[in-house]
Structures are given as C-alpha cells and as structure tokens.
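Enquirer: Just so you know, we're using my numbering here: the sequence shown kicks off at 393 and counts up by one.
Beta carbons: idealized from backbone N, C-alpha and C, even for Gly.
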Amino acid sequence: MTFRLYPNKQIEQSLRYHRKLHKDLYNAAVYNRFTQYQKFNHSVNYFEQQNCLPAFKEIWTEYKEINSQSLQATLKRVDFAFERWFKGLGKRPRYKSIRHYSGWTYPAKTGYSVESNGENGYLNLSKIGRIQMRGKAKYWGTPTTCTVVYRNGKWYASITVEVIDQALKPDVLPTGAVGIDLGCKSALSITDGESHQQIEAPKFLRNAEHLIKKASKDKRRKQAPNRKKKVRASRRWKKAQAKVSKITRKVANQRQNWVHLVAVEIISSNSFIATEKLEVKNMSSKAKKGKRKKQKAGLNKSILDVGFGMLRSTIKYKVEQIGGVFVEVPTKKVNPSQTCPKCGHQHKKTLDVRIHSCPVCSYVQDRDIAAAEVMLYWAKGNLPGLGTILEDADVTSSTSRTRKQAGSMRQLGQLKRQKFNSTGVDVETHPSTK
C-alpha cells in the first residue's frame, strides 16, 4: 500500500538528512566489499558487515539516531545487489549519488508506527516526527514493513500489511476460463472459446511523444552535468529536466492505471487464464546492423508502450490472489500464432498476415483471437494434435506457490543463528527464547 506523505519544512529536512545517511552507508558498504577483495582477497558477506555496525556507529555517531534495523536493511540492499551481480542478473554494483538513492526501509515493526485504518492517517517515524499521509488501501491489516521513498520531488510511504487470506479471496470464485494473446495493435485478444474480445492499445507514449521531444530539445540547450569535466548542471537544466520527468511520469501513471483496470475486469469473471510465455527483453532488443532498424525501433516502442511485462505480471498476481490458476504456454513448443485451434495444423504466417485461414479445415479467424484460442485449448488439454504437458508450462496458483529464497529480512532473521566471528569461522548459536 503506497501513501503520499505531506511533511512540513522541518520534518522534510530531517527526511533528507536520513536519506543522505543511508546513501552514505550504502556506498561505504560497497567500498568495503570491493577493497577487502582487491587488497586482501577476502569476500565480505552480509553478516560480517552487520556485526560491524556497532563499531561503525561509535565512530560515526550521527548513525546512533537511526533505527538499527533500517541500517541492516540498507546493508541488505548491498548484499542483494552483489548477489544479482554474481548470478549474472545485474550489473556491477556502483556507488549511488543522492539523486539515484530513493529512500530506506524499516523491515520490522520498530522505528515507525501507523495511525490509519487504511484511508489517510499519520505516519510516526522515530527521530523524525509525525507526518500526515493520504491514500486509500484496498485491504488493510497489521503493518509489518515500511519503506520511505523520495520520487520526483514528493515523499511516499510504501507499507506492507498482514491480511487474512479470506479477505483477499471473493465469496464466490469466478468459474470462467480465457486465453489471452498480447499484441501491439490490439493490446489484449481475449477468448473463452465462444465469445471474443479485443482491447485496443492505449498508446500513451505515442500521444505524449511530441511533448517529450519538445521538452528534451529545450533541455539539450542548457548546461548539462559532466562528472569527468567536473561541470555542474545549471539551474535552467534542472528545471528542464524536471519538466521532462513530469511528462514521462504522467505517461507511466496512465499506463499503470490502465493495466490495473484491465486486469481487474478480466479477473472479475475468470479464475483460469492461459497466455504465452514471452521474453519481453529479447523481443525489444536492438536490431542487427542493416536489418530494418527503423521498423524494429518502432516495434520496440509499441511493445514497451503497451507494457507486456507489466500486463502479464499484474494479471498473474491478481489471479493468484483470488485463488485462481495462471498458465504460461511454452511458445516455442506450441507456436500459438502458427497453429490452427480447430484442427491443430501448423503453417507459417508472416507478421503482415493478420487473418488466420487454415488450408486444412478452412477455419477463418482473426490471427490474435486464433492464437488465444490455441493457448486456451492447450491449457485445457483439448487442442487437436498437441497434448498438454503441464510440466512444460509455467503453472502457478494460490495453492501451488512456493517462495524461493530471496534473502528477505524474515529469512535473514532465521539465519542470524549463524554469527560470523572475527576469525571468519561460522559459529552455531542457539536461538533466543525471548
């Protein structure tokens, strides 16, 4: 649940100060990991840095005012960044400027308190003060974590709450089953086998593109920052940058709002959804040299404007939330756009062919609707010519989800039994009985 914060001048100065301290701690932890490995060939882990916090606060006394668990959460961000780098999922961790450090987290029920019943209220932060917040949560429960975020000149509080499972599920589970095909012209092609629906792409970015180009052109005429030459940005450049950010932020908010409205409409009458497994990152990659660059750039822009990844993930988590099933059909095996939903015959079609016309059974249908029918029939197990093997598909439901080890604060609390001593040997200790 995200709420907008309205701090006064004194509290906002304190918020900025705390944000700066967390940023400095993040950079210090990154520097410590790199230097320890480069000079001493020693890999520093999260528990070693966590156990150094008391000594760190004795030297840097200003950190004594900050909640200790929020400092641990900042160190966990560093650990998460290095884990992603080691696994090849992200780039090498870098030092962050204050412009690129959003905020900090209170991972437990200490350091903050919430005065709200889910609509508006106040947020109390230790050593900072009482802040008015506005917003409305769909579900409300016991607050567990709180993340303070500074974005585009505004302060927000992202609060996680514990909600009873029964509150998330409807009284009567919808019995509908649909197949969904994502596209650029029609953002979603939805079918239940009998009735069909196509939702046109809103094109928020296309409509605001001329405004972004004009604002960006004005920004290029101002003095931009250059770290290598030690040139600071001019005040006019900062104002121009804020104007560009305002337009792009509006586009992002419009897209996010549209995605949630579409997802809620689909989930309201369906609990079984089948769609194809897409690799959006590979779909929107750059064209090779001399391979129709302009056309590929236009296709990439259309894909990103619709928001394939956001659409899929939003529909997925909303289905799981109500206790439904979400199936991702293996695209390479089934080939939904090349397969006939009535007879299972496969024949290649280029992208410019928008009508499916089967040469075997003479079935004629819109290409995207036919692809959605193929995915629905395959997930149900009644697609002619192709048997369903759910092991090949990514099937998730509210009852089959298993949380992978992601290094959350709750999991770290369990791992705290293994404390790292000064000699670098893991020592088993018994958990506290308090």
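#1: May I ask which residues mark the beginning and end of the beta strand (DSSP E) holding Gly568?
#2: Hey, Pro485 and Val506: beta-carbon distance below 9 angstroms or not?
#3: What are the start and end residues of each continuous beta strand (DSSP E) run of 3 or more residues lying completely inside the stretch 595 to 678, in chain order?
#4: Pop quiz: Thr731 and Val766 are said to be a contact at Cβ under 8 angstroms. What is the actual Cβ separation, rounded to whole angstroms?
#5: Exposed or buried, which one is Tyr542 when buried takes at least 16 other CB atoms within 10 Å?
#6: From this set, Gln633, Tyr504 and Lys456, which residue's C-alpha is nearest Gly545's C-alpha?
#7: Pick from Leu397, Val756 and Tyr709: whose alpha carbon is nearest that of Asn512?
#8: Under 9 angstroms, Cβ to Cβ, is there at least one residue of chain B near Lys449?
#9: Hey, could you find the ends of the alpha helix (DSSP H) Val422 is sitting in?
#10: At 4 residues or longer, and completely inside the stretch 691 to 757: list those alpha helix (DSSP H) runs for me, N to C.
#11: What does DSSP give as the partner residues of Ala549 in its beta bridges?
#12: How would you call Ser578, buried or exposed, if buried means at least 16 neighbouring beta carbons within 10 angstroms?
#13: Give me the Cα-Cα distance between Thr791 and Ile582, rounded to the nearest whole angstrom.
#14: Quick one: using the 10 Å Cβ neighbour count with 16 as the cut-off for buried, is Phe395 buried or exposed?
#15: Can you tell me whether Lys528 is helix, strand or coil according to DSSP?
#16: What would DSSP say about Ser494, mapped onto helix, strand or coil?
#17: Just checking, does the stretch 617 to 635 make contact with the stretch 585 to 592 on the three C-beta pairs under 8 angstroms criterion?
#18: Grouping DSSP H, G and I as helix and E and B as strand, with all else coil, what is Tyr487?
#19: Exposed or buried, Phe700, counting other C-beta atoms within 10 Å across all chains shown (16 or more means buried)?
#20: Can you list, in chain order, the residues of its chain with a C-beta nearer than 6 angstroms to that of Pro499? Leave out the 5 residues immediately preceding and following it.
#21: Given a cut-off of 9 angstroms on the beta-carbon distance, is the pair Tyr455 and Leu407 in contact?
#22: Among Tyr487, Ser435, Cys750 and Asn662, whose alpha-carbon lies nearest the alpha-carbon of Gln713?
#23: According to DSSP, is Ile582 part of a helix, a strand, or is it coil?
#24: May I ask you to report which of helix, strand or coil DSSP gives Ser587?
#25: Once DSSP output is grouped into helix, strand and coil, what is the label at Pro535?
#26: Check each candidate in Leu463, Lys595, Lys631 and Lys724 and name the one with the smallest Cα separation from Asp610.
#27: Do you know whose CA, among Lys725, Arg425, Asn509 and Gly521, lies nearest Glu475's CA?
Expert: This is what the structure gives:
#1: From DSSP, the beta strand (DSSP E) with Gly568 extends over Gly568 to Leu574.
#2: no
#3: 662 to 668
#4: 5 angstroms
#5: buried
#6: Gln633
#7: Its Cα nearest to that of Asn512, the residue Leu397 stands out among Leu397, Val756 and Tyr709.
#8: Reference to chain B is not applicable here, since this structure consists of a single protein chain.
#9: Lys401 to Phe432
#10: As far as the stretch 691 to 757 is concerned, its whole alpha helix (DSSP H) runs of at least 4 residues are 700 to 714 and 723 to 726.
#11: Phe395 and Val540
#12: Residue environment analysis places Ser578 among the buried positions, since at least 16 neighbouring C-beta atoms fall within 10 angstroms of its C-beta.
#13: Only weak support exists for where Thr791 lies, its pLDDT of 45 falling under 50; the coordinates are left without a value.
#14: buried
#15: strand
#16: Three-state result, Ser494: coil.
#17: Because the criterion of three Cβ pairs below 8 angstroms is not met, the stretch 617 to 635 and the stretch 585 to 592 do not touch.
#18: coil
#19: buried
#20: Gln461, Ala465, Thr537 and Met801
#21: no
#22: Asn662
#23: strand
#24: coil
#25: Pro535: strand per DSSP, three-state reduction.
#26: Lys631
#27: Arg425
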